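S.K.:
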Amino acid sequence: MQQIFGTAASLLVALRTPVGAISAALVLLPILLILYSYFVYPALLWLLVGRRAPWQLPPEPTEWPMITITLPVYNEERVLRDRLDNLLALDYPAERRHILVLSDASRDSTDEIARSYSDRGVELHRLAIRAGKSAAENAALPLVRGNIIVNVDATTKIYPGSLKALVRAFGDPNVGVASGRDVSLQVTDNEANEGESGYVGYEMWVRQLETRWYGIVGASGCFYGIRKDVYDGDFPLALSRDFASALQAEEHGTRAVSVDEALCGVPRVPSLKVEYHRKIRTMHRGLMTLWFKRHLLNPITHGRFAFMLASHKLCRWLVYPAFVAAFVGLLLLTSVVPQAVWLLVVAGLALIVGLFAMKQPAGRPLPRLISTLGFLVASNVAGIQAWIQLVSGKQTKAMWEPTRRTV
Numbered sequence: 005m006q007q008i009f010g011t012a013a014s015l016l017v018a019l020r021t022p023v024g025a026i027s028a029a030l031v032l033l034p035i036l037l038i039l040y041s042y043f044v045y046p047a048l049l050w051l052l053v054g055r056r057a058p059w060q061l062p063p064e065p066t067e068w069p070m071i072t073i074t075l076p077v078y079n080e081e082r083v084l085r086d087r088l089d090n091l092l093a094l095d096y097p098a099e100r101r102h103i104l105v106l107s108d109a110s111r112d113s114t115d116e117i118a119r120s121y122s123d124r125g126v127e128l129h130r131l132a133i134r135a136g137k138s139a140a141e142n143a144a145l146p147l148v149r150g151n152i153i154v155n156v157d158a159t160t161k162i163y164p165g166s167l168k169a170l171v172r173a174f175g176d177p178n179v180g181v182a183s184g185r186d187v188s189l190q191v192t193d194n195e196a197n198e199g200e201s202g203y204v205g206y207e208m209w210v211r212q213l214e215t216r217w218y219g220i221v222g223a224s225g226c227f228y229g230i231r232k233d234v235y236d237g238d239f240p241l242a243l244s245r246d247f248a249s250a251l252q253a254e255e256h257g258t259r260a261v262s263v264d265e266a267l268c269g270v271p272r273v274p275s276l277k278v279e280y281h282r283k284i285r286t287m288h289r290g291l292m293t294l295w296f297k298r299h300l301l302n303p304i305t306h307g308r309f310a311f312m313l314a315s316h317k318l319c320r321w322l323v324y325p326a327f328v329a330a331f332v333g334l335l336l337l338t339s340v341v342p343q344a345v346w347l348l349v350v351a352g353l354a355l356i357v358g359l360f361a362m363k364q365p366a367g368r369p370l371p372r373l374i375s376t377l378g379f380l381v382a383s384n385v386a387g388i389q390a391w392i393q394l395v396s397g398k399q400t401k402a403m404w405e406p407t408r409r410t411v
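Position one of the sequence shown corresponds to residue 5 (my numbering), numbered consecutively onward.
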């Protein structure tokens, strides 16, 4: 006990020195960012919405609008039949629904499968040369029918009633984008990536609060709808379209909402290694998109939206470089308080355990603590890598390699 008090006293003395103060500030930086973006910001939203009723879907229209469902694919022969059968079985008037399969020059039997559904309202558009997902989606704009475009991922499952719920959101003329509610699906008994489920549930709750107050700042790439006049047919190929869709809605004087009734099942990725590479790609694209649309962070011109965009996206993403700063702070702290080396040891052990979990093959059972550490390490190391790519000027490849989820 005496040793503990002695260490605490040494730490207090060290914090009064310039090196100690700088070290403490660097160590505290990621902690403060995490507390604000993941706890204080949602708490502020909860207080701001108060007793305000949840946003309600407009009533069903007397005549359902014409929609085009876009399905970007690249070598998806394994899942395409199931996805098309799922979409065709949804409760929506067949004569008001157009399904457009966008093949990014697939090399397997994807195109043949899509063509076999042509008599059921499915149209195939194939890019002659592989150019990436955004290029395929850009090419879709001249082909869409109606004023609402619904984007669906090939490996997700749309639940009954969800398509109509999503489309009903556009009965509100102020809605430019409507995003579905992701449901993380367990596909095996033992998954190293089970930490993803809790995060998805938390994210959907925050989007619900944002919708009640103003609107969300990013749509779900697995299932979202967008008005044709908001859709960008010349979208930059290296950016994130689903994130940008909510930003484009703001630019068009509309808002993006999260529709709780529009459920979309998203199978978890098969391993932490796959999750790690997916997060690098999505975070890098997200950072580049935010920089491209950085004018929306101006609170003078975009008020509440700028506040939410900075709180929900920018502050979360700043956590990753802040972790690097915290590591430097710990190193500096050991020069004035030698006992601080134990903090480095604990952090190092957590990192080792997380890296061990990341190296495990898909399907290998892991204790919950180890799998959770693995998910946290994969997320944070991926975030740091994404920032390195951004700062170094490395461009995200337009070429698209879809995340192969277990279905």
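Each residue gets a CB set at the ideal place from its N, CA and C atoms; glycine is no exception.
What you are looking at is a predicted structure, and each value in this text was computed from that prediction instead of being measured.
Going by beta-carbon coordinates alone, are residue 53 and residue 217 separated by less than 8 Å?
M.R.: Cβ distance < 8 Å, so residue 53 and residue 217 count as in contact.
S.K.: Go ahead and pull the three-state DSSP assignment for residue 48.
M.R.: In this structure, residue 48 counts as helix in the three-state DSSP scheme.
S.K.: According to DSSP, residue 442 sits in a beta bridge with which residue or residues?
M.R.: A question about residue 442 goes unanswered here, because the residues of the chain that appear run from 5 up to 411.
S.K.: Looking at the unbroken beta strand (DSSP E) that takes in residue 126, where does it start and where does it end?
M.R.: Run containing residue 126: 126-130, per the beta strand (DSSP E) assignment.
S.K.: Cβ atoms of residue 283 and residue 383: under 8 Å apart, would you say?
M.R.: For residue 383 and residue 283, yes; Cβs fall inside 8 Å.
S.K.: From residue 300 to residue 227, what does the alpha carbon distance come to, in whole angstroms?
M.R.: The straight-line gap from Cα to Cα measures roughly 24 Å.
S.K.: Work out the CA separation of residue 259 and residue 104 for me, nearest whole Å.
M.R.: For residue 104 and residue 259, the distance between alpha carbons rounds to 25 Å.
S.K.: Pull up the DSSP beta-bridge partners for residue 268, would you.
M.R.: DSSP lists 162, 186 as partners of residue 268.
S.K.: Starting from residue 155 and walking both ways along the beta strand (DSSP E), at which residues does that stretch end?
M.R.: 152-156 is the extent of the beta strand (DSSP E) around residue 155.
S.K.: For residue 37 and residue 96, what's the separation of their Cα atoms in angstroms?
M.R.: Their backbone Cα atoms lie some 44 Å apart in a straight line.
S.K.: Cα-Cα, which of 64, 330, 378, 75 is closest to residue 127?
M.R.: The candidate whose alpha carbon is nearest that of residue 127 is 75.
S.K.: Taking the CB atoms as reference points, tell me whether residue 106 and residue 144 lie closer together than 8 Å.
M.R.: Taking 8 Å as the Cβ cut-off, residue 106 and residue 144 qualify as a contacting pair.
S.K.: Tell me whether residue 133 is buried or exposed, calling it buried when 16 or more other Cβ atoms sit within 10 Å of its Cβ.
M.R.: By the 10 Å Cβ count, residue 133 comes out exposed.
S.K.: Exposed or buried, which one is residue 291 when buried takes at least 16 other CB atoms within 10 Å?
M.R.: By the neighbour-count rule (16 or more Cβ atoms within 10 Å), residue 291 is buried.
S.K.: Per DSSP, what kind of secondary structure is residue 76 in: helix, strand or coil?
M.R.: Strand, per DSSP.
S.K.: For residue 102, write down the residues that DSSP places opposite it in a beta bridge.
M.R.: Paired residue(s): 72.
S.K.: Starting from residue 107, follow its DSSP beta bridges and name the residues at the other end.
M.R.: Paired residue(s): 77, 130.
S.K.: Would you tell me roughly how many angstroms separate the C-alpha atoms of residue 232 and residue 22, rounded to the nearest one?
M.R.: Computed Cα separation, rounded: 57 Å.
S.K.: Rounded to whole angstroms, how far is the Cβ of residue 110 from the Cβ of residue 79, which I believe are closer than 8 Å?
M.R.: Right, the Cβ-Cβ distance comes to about 5 Å (below 8 Å), so this counts as a contact.
S.K.: With DSSP collapsed to three states, give me the class of residue 60.
M.R.: Correct three-state label for residue 60: coil.
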